[in-house]
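Residue numbers (our numbering): 5 to 464.
The structure appears below as structure tokens.
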Amino acid sequence: MRVDLRGVNQQDEFVRRVKEAAMNAKEGSWILGGGWNNDLWGGEFPVASWVDHITPYNPVWLSRMDGHMGLANSVALKLSGISNLSEDPEGGTIMRTASGEPTGLLIDSASELLLPWIPKVSVNERREAFRRASNLALMRGVTTVVDFGRYLPGVSPELSWEDFADVYQWADATGKMMIRVCLFFPLETWTRLLDLIGKMGRVISQWIYLGGVKAFADGSLGSNSALFYEPYVDEPHNYGLQVTAIETLFNMTLSSDKSGLQVAIHAIGDRANDLILDMHELVVSTNGMRDRRFRIEHAQHLAPGATARFGRLGIVASVQPDHLLVDANSATRKLGIDRAQKGSYLFRSLLASNVQLAFGSDWPVVDINPLGGVRTAMKRIPPAWNDAWIPSECLTLNDALKAYTISAARACFLDKELGSLSPGKLADFVILSTGSWDDFAAEGSASVEATYVAGLQAYP
């Protein structure tokens, strides 16, 4: 049984939706779902006692919208053996009461204590999910996605490989691919990817490209696990989490980079970003210069001088504009006004430092909607705000469009095939409802009327 908690803005509604799912669930079966955002109801984190009384016979796991935190009820905690005696795993936290009892919240790699107990999603369900996701992408005017897989701290790296074989290769072989995918795999499996590229090449078909490898430096702002130099205002003893030990991260990055693979590292907090910048410099000094297009995913909060280092090192800043719509209020509350204003979502500062800015969505964290993302990058006006958040970092329409098209293609070595309508490239394009880009820039709204893939209409 699944429960959707997106958009919930109060505890009563959270409980009501879980109760509705529990009423339709068989005894002993898991109640799964999530998408909740505690910032919508003031910031208080949910706890197991919210749902224990309505789920006495069912284990529950409800992930936060960013995937870096989840809520388990007491049945699930008992089933997975999580108690006051359980130790926090490296890169994760079991949230506890003052007396040491688990509250039900598991942060980042702490979820590895519970996830193995959850039944696997069937192959048919995953194939159907890909079909629906592809249709949604085409509706939004998206023809190519970068997929980092179902890989998060605490999640088995095998899931990404299972999806490659069971979903992507199957869809390609049976003619069911509708969008192009560039796949990244967990960094710890880099030798496996290298072997695959050696056997099949980087371009498997016109639909599937093998991109590179990904790892995590820290968690997320919303889960209070992004790694910062200064503590969270709402948790004065918490600086965030270093999800992967830097020595481990460096050794895997050094080896995979030496083999020629592209590396992408998730970093959100200012300290996490600096750690990866330092690590990248050491990798380059060891392995030498080459066109590696090293990516830092998110690059949300940067310390003074970091934008210049991004530019000097040639690092791709892979950023998701619509995240700021969610983070504007919480960043101010968690970091304080001064820290949030000086270092958050520095789009224009990165471009001014000659950084390659590549935009995406991080769907399903936020909607897969490039037009909305372009508008956000230009306006930076969060919901219920009248003015822009950090207006000095607003982009021009042209810069935002480039970040979603040719720059995004270049960020995964696909700029010779995709990213612009040019002779010799694949004819992927959209037709919009707006009369001109000037109209879009003025009004900030448009819809996708048609999407074409390889010159053929794919939507509607």
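Just so it is clear, CB atoms sit at the ideal spot from N, CA and C, and this is done for glycine as well.
Note that the structure is predicted; figures quoted are calculated from it, not measured.
Limits of the unbroken alpha helix (DSSP H) element including residue i
i, result
"PRO374", "374-383"
"ILE280", "274-291"
"HIS327", "327-339"
"ALA413", "410-414"
"THR400", "That residue, THR400, is in no alpha helix (DSSP H); it is neither H nor E in DSSP."
"ILE201", "194-204"
"ARG443", "Here residue 443 turns out to be Asp, not Arg, going by the sequence shown. Segment 441-447, the alpha helix (DSSP H) holding ASP443."
"SER259", "250-262"
Identity of the residue in the options nearest residue i by Cα
i, options, result
"ALA276", "ASP238, LEU225, GLN324", "LEU225"
"PRO123", "ARG68, SER84, VAL150, ASN88", "SER84"
"PRO63", "ASP261, ALA76, VAL452", "ALA76"
"ARG6", "TRP121, ASN28, ASP16", "ASN28"
"ARG130", "HIS305, THR97, ARG144, TRP165", "TRP165"
"VAL267", "ASN228, PRO325, ALA310, PRO190", "PRO190"
"ASP43", "VAL330, ALA450, ARG343, LEU339", "VAL330"
"ILE372", "SER426, GLN324, VAL207", "GLN324"
"GLU239", "GLY47, GLY38, VAL434", "GLY47"
"GLY202", "GLY264, ASN242, ALA404, VAL159", "GLY264"
"LEU328", "GLU285, LEU89, ASP403, CYS398", "CYS398"
"ALA312", "ILE319, SER357, GLY104", "SER357"
"SER138", "PHE168, TYR349, LYS180", "LYS180"
"GLY364", "ARG352, THR380, LEU36, HIS57", "THR380"
"VAL378", "ASP391, ASN390, ALA407", "ALA407"
"LEU354", "HIS305, ASP342, THR195, GLY315", "GLY315"
"ALA25", "PHE254, GLY37, ASP16", "GLY37"
"TYR456", "SER440, VAL434, TRP389", "VAL434"
"ARG20", "THR59, ASN41, GLU31", "THR59"
"LEU245", "LYS218, PHE254, LEU279", "LEU279"
"ARG297", "VAL452, SER440, LEU418", "LEU418"
"GLY439", "ALA404, GLY448, ASP432", "GLY448"
Beta-bridge partners of residue i, as assigned by DSSP
i, result
"LEU361", "ALA321"
"GLY223", "Paired residues: none, contrary to the question."
"GLN3", "Residue 3 lies beyond the range of the chain shown here (5 to 464); nothing can be said about it."
"PHE481", "A query on residue 481 cannot be resolved here, the shown segment of the chain reaching from 5 to 464 and no further."
"ALA268", "LYS218, ARG299"
"HIS241", "DSSP lists no partner for HIS241."
"SER348", "HIS305"
"TYR213", "CYS186, VAL207"
"TYR236", "GLU239"
Presumed contact (8 Å Cβ cut-off) between residue i and residue j, rounded CB distance
i, j, result
"ALA80", "LEU109", "Actually they do not touch by this definition, with Cβ atoms about 12 Å apart."
"TRP393", "ALA332", "4 Å"
"LEU163", "GLY153", "7 Å"
"HIS302", "ALA335", "No, HIS302 and ALA335 are not in contact; Cβ-Cβ is about 13 Å, not under 8 Å."
"GLU213", "CYS186", "Looking at the sequence provided, one finds Tyr at residue 213 rather than Glu. Between CYS186 and TYR213 the Cβ distance is about 4 Å, and since that is below 8 Å, they are a contact."
"ALA445", "SER437", "Not confirmed; about 15 Å, so no contact."
"MET69", "ARG10", "7 Å"
"ALA221", "SER322", "So it is not a contact: roughly 13 Å between Cβ atoms."
"GLY472", "HIS305", "Shown here, the chain extends from 5 to 464; a query on residue 472 therefore has no answer."
"ILE98", "ASP92", "6 Å"
"VAL171", "LEU197", "About 17 Å separates the two Cβ atoms, so there is no contact after all."
"MET283", "THR257", "6 Å"
Terminal residues of the beta strand (DSSP E) in which residue i lies
i, result
"GLY96", "96-100"
"LEU109", "106-112"
"ARG6", "6-8"
Distance cut-off 7 Å: residue i Cβ against heavy atoms of the ligand MG
i, result
"TYR456", "With respect to small molecules bound, the structure shown includes none, and the ligand MG cannot be examined in it."
### Message
To test your reading of the DSSP string, which unbroken beta strand (DSSP E) runs of 3 or more residues are found completely within the stretch 25-90?
### Response
35-40, 64-68, 73-76
#### Entry: Secondary structure, alpha helix (DSSP H): runs of 4+ residues fully inside the stretch 136-189
162-167, 174-177
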